[in-house]
Amino acid sequence: MRISHDKESGALYIKIRDGAYSHTEDFSEGADVYVDVDAEGNVLGLEALSFEDLAQAVEERGGKLDVPEKIGSPVR
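All residue numbers for the sequence shown refer to this note's numbering, where the first residue is 497 and numbers rise by one.
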């Protein structure tokens with residue numbers, strides 16, 4: 497896992513695993529937090545547009561953020 501922060505934009509990216517990017521999905525209802533997934537639905541990374549958005553996503557989940565290994569159905 498690797499965590500990157502872009503000082504200019506304030507975005508935070510947590511790279512979970514290597515893989516071929518397929519698409520991005522929303523991960524939070526009220527915050528700008530997204531997950532990048534491959535064609536099989538494996539989560540490659542999580543992006544928050546700010547630390548505040550990440551904190552809000554954690555709060556939405558009762559103070560703990562579990563990122564699933566897979567999201568949805570594979571893309572065919």
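From the three backbone atoms N, C-alpha and C, an ideal C-beta is built for every residue, glycine too.
Checklist entry - From V506 to R557, what does the alpha carbon distance come to, in whole angstroms? => result The amino acid at residue 506 is misidentified as Val; the sequence shows Gly. Distance from the CA of G506 to the CA of R557, rounded to the nearest whole angstrom, comes to 22 angstroms.
Next on the checklist: If you follow the beta strand (DSSP E) that A544 is in, where does it begin and where does it stop?
Outcome noted: Segment V539 to A544, the beta strand (DSSP E) holding A544.
Item to check | Where the alpha helix (DSSP H) containing D549 begins and where it ends | outcome: F547 to E556 is the span of the alpha helix (DSSP H), which, as asked, contains D549.
Checklist entry - E521 by DSSP, collapsed to three states: which one? => result E521: strand per DSSP, three-state reduction.
Checklist entry - Out of R498, T520 and A527, which has the shortest C-alpha to C-alpha gap to R513? => result The shortest C-alpha separation from R513 is found at R498.
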